[in-house]
Every structure is written in C-alpha cells, then in structure tokens.
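Let me begin by presenting the structure, written as structure tokens, before commenting on it.
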Amino acid sequence: MEAIASITPEIIETTPAAPPVAPKLISGSEALMMALVAEGVDTIFGYPGGAIMPVYDALYDFQDRLNHILVRHEQGAAHAAEGYARVTGRAGVCLVTSGPGATNLVTGIADALIDSTPMVCIVGQVAKKLLGTDAFQEADVMGVTMPITKWNYQITDADEVPDVISKAFYIAQSGRPGPVLIDITKSAQLELMTKPFAYERCQSIISYRPRLVPKLEQVEAAARLINSAKRPYVLVGHGVQIAKAEAELLTFVEKTGIPVATTLLGQSTISTAHPLYVGWLGMHGNYGANVMTDQADVVIAIGMRFDDRVTGDASKFIKQAKVVHIEIDPSEIDKIIRADAPVVGDAKEALNALLSLVNPNDHTVWRNEFRKYDVVEHETITQPVLNTAEGKIRMGEVVNMLSEKTNGESILVTDVGQHQMMASRYYQFRRPNSLVTSGGMGTMGFALPAAFGAQVGAPDRQVVAIIGDGCFQMTLQELGTIVQNKQPVKAIILNNNFLGMVRQWQQLFHQRRYSFVELQNPDFITIAKGFGMDGMTCDQRENLSDALDTMLNHDGPFLLEVIVEKEENVFPMVPAGTSVSQIRLK
Amino acid sequence: MTTYTICIFTENTIGLLNRITIIFTRRRINIESLTVSETERKGVSRFTIVIKHESREEVEKLVRQIRKIVEVMAVFGYLNDEIVYNEIALFKVSTPLGSKPLDVETINKKYKAWVVYWGLDYVVIEKTGNDTEIFDFFAYIKQYDILEFVRSGRVAVGKTEKGLVEYLPEMEWAYYL
Ligand SMILES: Cc1ncc(C[n+]2csc(CCOP(=O)(O)OP(=O)(O)O)c2C)c(N)n1
C-alpha cells in the first residue's frame, strides 16, 4: 500500500499567516493541476481552446512542475501520449478543448484501447447549464468515446476533481491498461471547491478488481500441460512487456527450452538473437513462426489476444494443440481460441508462479524443425532483398542497415503499411520495449507524433521512426512540435510514391487494378526545412550508408527520405481469411 | 433460439445503460426486454436484460464483455429454468354501454388477472405472469375491444440459495476469475 498523499494547495502556503479558520478554497482548474502533480504526471500533450481555458490559465502557474507540450493537432497529442506511455509504462496525458478538440482525439483513443495503452485524456466541456443545448463547441464526447475508452466520466462539480482524477489514473494504468477520458465542464473548472483540496491515490474500486495473482489451480493445470508437452510453443504478446515480465519470460523459456515467437506488438520482448527466438507471427511475420503453429502440441499464449492478423482463419488455427492462455483480461479467454488451461492474471505473476512447477527441458529436436523454414525464408525472401545490387533501394535494406548501425538498440517507431512490416522484419531488436507501432488499429499517421512522445518519455534512448510517404502526410505538422521542443527524433520516410500496402493487395487480389493509390508527393525535405528541421534525400544505394550515418550523427531531429523501389511486395503473406498454412512466399 | 436472462449489478451512475447496450449493439444482439431498478443494496442497480441467442458460447462471451465495464460488479446469464421471473401487463379494454359484459369471474379465477381501474366506458386489467400466461390472457381478452396493451420487461431472481449480499462486495465471479 502506498502512503496517502494529502497535498496542501500552494496558495495556502503563500498566504501570510492567514487565520486558521477558513482555508482558502481553490478552483476546479487548480485542483486539476494539483491532482496531476500529486499523481506524478510530468508531461502533458495538449492544445488549448475556449472550453478548457480556465485549466490553461491554472497551468500557467504550474509550468515548473508540469511540462506542457503544444502539439499541432489533437490527433498528434493522442499519438504522442501513446508513444510516451508505451516506453514509460505510465499513462500519457492529453489536455484539449471541447467539441473539435475532443473529437480530434478519437482516433488516438481508439488506437490506445485496442493496443492496451494507458492514457488519460482531459477534455473541456461547455458549462453545466449549457449541456445538451447545442452550445458553441458542444459535442457529446461522453457518448462518442464510450465505446473506445476503458472508462469515461463527466465532471460537473469542482469537488469531484481529486477523486475522479485519481480513479482515472488507477483505471488507465492497472489491469489491462487503456485510455480513460475525463470530460470537465467549464463551470466545474471555474467554480471553487467547497472543501479543502486533498488527494489520495486510488488503490481499488469495488466493482473493478483486476486479478494479478493467478489462482494456484489454474497455474498447476497449466504446468501439467506444459510438462506433458512434446512440442510446446510459446507465443508472446504485448502483455509481457506491459507487465514488465521480460526477465521472467526469459527464465521460464530457458528452463523449459521452449521455442518463442512473438506477436507484432510482442516484438523486442526477447532479443532476436536469442537461440530460443523463432520469429514473429502474423500476416507478414516469419515463415517458420507461422507454419509451426500447426505442429505444436501445446501452445502457451502469454499476454496476447489471438488477433485475426495472427490466426488467419481462426477456425483452423492451432486446432491440434492444447492451449494454455495466460491473460490479465478474462474476456479474452475463449474469445477467439478455446483455452484448455486458462490462467487469469498478470504475466509477471503468472510466469513466476509457473516457474517452480515446470520441469527443466531441452526441446532441441523440436526446435530445430523451425530452422528449415528459416533457411527457406532466408533464401527466397531475405537474401534477395539484402543483396540486390541493382534497381532501386529496397525497404528491407534500409532497415537492416539501420539495425546494424544502431546495434538493434534503438526504439523503433513505425507507421502503418509495407514499411511497418519491413521494419518489423528487418530490425534486429536487442533491448526490450523497443518497438512502438500501431497494431490493432493500424492507424496511419501514428509514427511521427508517437516517436516524438517516445523520445520525450525515453530521453536517453535513440528513437527512430520509419514512416511511409502516405502516412507521413497524415500528421506531418508535428514536425513543428518536434522542432519547437528540440527533441532529437530521427525520422525515415521510405518513399515508394504509393500507398504501398493497398497497392500490394490490389496487385495480388484485385488484378493490378491500382485504384487511387498513387501519390503526387511534395518535396519532403523542403517541408522539413520549412519547419526548421534538417534533412536529406537518398536515392542511390551507394549513398545509403552515409545518409544513415549523417542522420544518426546529427545533433537534433533529422528527416531522411529514402527513395525506394515502387512496387516491392511484402512476403511472406498469409492472405486475409486463409489459414496460416496457406502462407505465400511470393 | 434460447432465451437468456442477463442480470447485471452495477454502481448507479449516469450513462451506464449506454455503456451496457453498446456491448449488445456491437455484437448485433437484439434486446427483447430491459428492466432497471435499485436493489436491496443502496447505490447498486440491477439490470435485467432478456435476449434470444442460438449460441451459449456467444452469450458467455457477451457476459464477460459486460463484466469488463468498470462500474459493473457482477453479471449472471441465466436460462429460464434457473430463475423465478415475471412480467406485468396492462390491458385497457373498451366497455361501452350495451356491449357484451366482461366475465370477471373467468378473468379472476381462470386467468388470475384483476381489474384495477374502472373508467366510464373502459376498464384496465392487470395481469402478471410469464410471457405465455400473458399471451394466453391476451388471446382470451381480445374478444373484447383492446384499446391499449402494454407489457413490462422481465424481472427475475436466480434460484440459487445465494443472495446478492454473498456476491457483493466479494463478487465471486463465476467465470474465470
Ligand atoms: C487512417 C488510415 N487510413 C487508411 C488506412 C489503410 N491503409 C493501410 S496501409 C496504407 C498505405 C500506407 O501507405 P504508405 O504510408 O505510403 O506506406 P507503404 O505501405 O507504401 O509503406 C493504407 C492506405 C489506414 N491503415 N489508416
């Protein structure tokens, strides 16, 4: 149990020897600032406007304690908060105005929900007496965000502020993390609280009790299955990194000798160089990692939800296997794949509990079966990409070279499309918590603001964003935020002049009918320079290494545009709706 | 199609009905009836929602999704034989001068329905029971001129010995927790 923090408003401290009878009462806006400070918030991504102005006025006096970052578009605030949250494990905070300010957050909130990212969005609302009157900039943000938040709440009374904010952070960050939205009326921001401000961090909610420590009988049943397995296979999702259970996972698989694959968001949980790592799952994941799901007799899924990009046709996925499903969210159990041994709990707690119950093993023969697929994948896909001498630069080459130059130690932030898949395929992650990507929602425009947020959250790490030319144009105004805040984000545009991923589908499944996927692009470097950011273009293979060095050695943010092959496809590919065994190599 | 009665116990907060119905809407499950009231515990509301579904598995998933809502304390999905349940219906029946008189004895004795209001040229009859009983009575009374007919949603209590107090605040969650 953490100590109860009761914070006295600064105002009281500075009031000289006021008679102790009536403590000075503070406004809802000041209470909000005090609550954020008490919660340990250091960064806010925001954008002001009419219905949130009292809060911005209070913020003026809190600039020394709360680092407010002015973005260029509220969607940028949401993705930056997500990037921040993904690398710190703490809720990213957004502060925006009512109506359009709030609705501009919606894409980021939906993205955070599906990728289990903790976020607290504080949005202004019209005064209480105007609610429901179609007042200026009034939108039913509660209604709009209800299906895409873990929790939302409308504050109409200044007295509610401390309790609601503490609840908001508790809900966002505990259990399966997610976005929370607090709609606060302008009247609640302005009016005085009727009682002295006191803040107590929320520790529990009667109706919401995420189970962290799994039931012993569930762990025992899981251990029995694992110990009986001949061909066990561990599938690691994002949940392991959320639970900060990377070390526990390693101990567990090293003791049991079980091969490990990850989901897209699970990447970097385990070093790609680890002998037990066999690749990642999914539509464009690794060949062996995907097809070997058909061979396992026991699948141990940890902190993952069997997304359809992983399972392909779920009715044909791991049908032969017994399934151990370790998951903090009970509603994920049996949702897509039936679990023979469900373990509800936090991945760290569950792995710790399992560890003493599983037998040491060494599944060398079984593990080696993955290798023959690796050889095929290497020869038919990886080799040709990395060793082309002619033609345009390939996306994989760029990522591979970046991976080498950064020793696989950067935080890689990707946007959505072919470049995202190529980044995942060719970056050799060496450190945990190093991939920030929009998985469940596949939100174009995610990378630039998310990379900014990640850099703010992890100032000591190198952050590199890999962005498509289409995606870049969805949130490029955040170059301004990066420059104004002097964050040394490195951004690489892999420019193929196409909405490449859609073009690939049109080529493969729509008889090359390229319907509205070709872009007339601006001069990206001139744009960057216009924002005050350095950059350069590279379109020759022999210059690529120097260009990457220039970018990485540059002091401050840098935009590198690489002109790549226009009609390259990402393989392997499990076509949507087919089974993973129908994976295509070309 | 099987009828399921979903009983949801929640904190009494604004907007919760919306949050709950969104879960049904997203899965395209039609709500047959819905009743909300406060329970014997102050601040705890009880939603009784009746649905029809062919797959028990889908209903179980639905129940777990509802349980995920922060303000929801407990959810139970019942089959008809696991609950005691009732509905109430009101029939406004025309009784103009000179028309065939109502057979009050049959209405009372056979159908266990009661005239609860006498108007000048109509009466209001109240009938409680399950949906079959209510429709049986409907079939009988429709020989008279029915001016209005209204039926409430289902109210239900589980047949298990346990009461809500035993579930709350401990909230023994019957599924995976
Ligand atoms: C907001 C949004 N709109 C549309 C899509 C559909 N979509 C997925 S990938 C893609 C193409 C992305 O193009 P680009 O950024 O150039 O990347 P590339 O695939 O060429 O690497 C599109 C349009 C999406 N994921 N998100």
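As they're listed, the protein sequences go chains A and B.
If you read the first sequence in my numbering, its first letter stands for residue -8, the second for the next number, and so on.
If you read the second sequence in my numbering, its first letter stands for residue 752, the second for the next number, and so on.
Beta carbons are placed, not taken as given, at the ideal position from N, Cα and C, and that holds for glycine.
Bridge partners for residue i per DSSP, in chain order?
i, result
"Thr883 (chain B)", "Answer is none; Thr883 (chain B) lacks a bridge partner."
"Leu830 (chain B)", "B:Tyr755"
"Tyr862 (chain B)", "Beta-bridge pairing links Tyr862 (chain B) to no other residue."
"Ala907 (chain B)", "B:Tyr836"
"Glu762 (chain B)", "B:Val795"
"Ile196 (chain A)", "A:Tyr199"
"Leu104 (chain A)", "Its beta-bridge partners do not exist; DSSP assigns none."
"Phe900 (chain B)", "B:Phe842"
"Trp142 (chain A)", "A:Val171"
"Val87 (chain A)", "A:Tyr38 and A:Val114"
"Pro333 (chain A)", "A:His316"
"Arg580 (chain A)", "Lying before the first or after the last residue shown, residue 580 (chain A) is absent from chain A, which here runs from -8 to 577."
"Pro45 (chain A)", "According to DSSP, which records beta bridges pairwise, Pro45 (chain A) is partnered with nothing at all."
"Met527 (chain A)", "A:Leu551"
With a 10 Å radius around its C-beta and 16 neighbouring C-beta atoms as the bar for buried, classify residue i as buried or exposed.
i, result
"Asp102 (chain A)", "buried"
"Trp865 (chain B)", "exposed"
"Thr602 (chain A)", "The structure shown does not extend to residue 602 (chain A), since chain A spans only -8 to 577, so no value can be given for it."
"Phe361 (chain A)", "buried"
"Glu791 (chain B)", "exposed"
"Glu65 (chain A)", "buried"
"Ile197 (chain A)", "exposed"
"Thr5 (chain A)", "Unreliable positioning characterises Thr5 (chain A) in this predicted model, as indicated by a pLDDT of 47, which lies under 50. A coordinate reading is not provided."
"Pro852 (chain B)", "exposed"
"Tyr890 (chain B)", "According to the sequence as given, residue 890 (chain B) is Ala; it is not Tyr. Label assigned to Ala890 (chain B): exposed."
"Pro450 (chain A)", "exposed"
"Ala925 (chain B)", "Because Ala925 (chain B) carries a pLDDT of 37, less than 50, the predicted location of this residue cannot be relied on, and no value is offered for it."
"Ala213 (chain A)", "buried"
"Ser157 (chain A)", "buried"
"Pro266 (chain A)", "exposed"
"Asn281 (chain A)", "buried"
"His369 (chain A)", "exposed"
"Leu490 (chain A)", "buried"
"Met(-8) (chain A)", "Per-residue confidence for Met(-8) (chain A) stands at a pLDDT of 41, beneath the threshold of 50, marking its modelled position as unreliable; no derived number is given."
"Glu533 (chain A)", "exposed"
"Glu395 (chain A)", "exposed"
"Arg779 (chain B)", "exposed"
Is residue i close to chain B? Criterion is C-beta to C-beta, closer than 8 Å.
i, result
"Ile196 (chain A)", "yes"
"Lys307 (chain A)", "no"
"Lys15 (chain A)", "no"
"Met524 (chain A)", "no"
"Pro170 (chain A)", "no"
"Ile162 (chain A)", "yes"
"Tyr75 (chain A)", "no"
"Leu576 (chain A)", "no"
"Gly123 (chain A)", "no"
"Thr110 (chain A)", "According to the sequence provided, residue 110 (chain A) is Met. The question's Thr does not apply to it. So no, Met110 (chain A) is outside the interface."
"Pro321 (chain A)", "yes"
"Trp271 (chain A)", "no"
"Ala153 (chain A)", "With the sequence shown as reference, residue 153 (chain A) is identified as Pro, and Ala is not the correct amino acid for it. No, no contact with chain B."
"Met133 (chain A)", "yes"
"Pro39 (chain A)", "no"
Does chain A have any CB closer than 8 Å to the CB of residue i?
i, result
"Val823 (chain B)", "yes"
"Arg770 (chain B)", "yes"
"Glu762 (chain B)", "yes"
"Glu828 (chain B)", "Before going further, note that residue 828 (chain B) is Gly rather than Glu in the sequence given. No, Gly828 (chain B) does not count as interfacial toward chain A."
"Lys812 (chain B)", "yes"
"Ile782 (chain B)", "no"
"Gln894 (chain B)", "no"
"Ile858 (chain B)", "no"
"Ile759 (chain B)", "no"
"Arg815 (chain B)", "yes"
"Ile773 (chain B)", "yes"
"Arg792 (chain B)", "no"
"Arg818 (chain B)", "yes"
"Gly849 (chain B)", "no"
Check your understanding: Taking contact to mean at least 3 C-beta pairs separated by less than 8 Å, is the stretch 285 to 292 of chain A in contact with the stretch 309 to 319 of chain A?
Key -> yes
**Study point:** contact_flag[the stretch 808 to 820 of chain B, the stretch 839 to 847 of chain B] where n(CB pairs < 8 Å) is 3 or more
**Key:** no
Review point. Do three or more CB pairs link the stretch 470 to 482 of chain A to the stretch 505 to 514 of chain A at distances below 8 Å?
Key: no
Review point. On the three-pair Cβ rule with 8 Å, is the stretch 18 to 32 of chain A touching the stretch 71 to 79 of chain A?
Key: no
Exercise for review: Specify whether the stretch 104 to 124 of chain A and the stretch 158 to 178 of chain A touch according to this definition: at least 3 beta carbon pairs, one from each stretch, less than 8 Å apart.
Suggested key: yes
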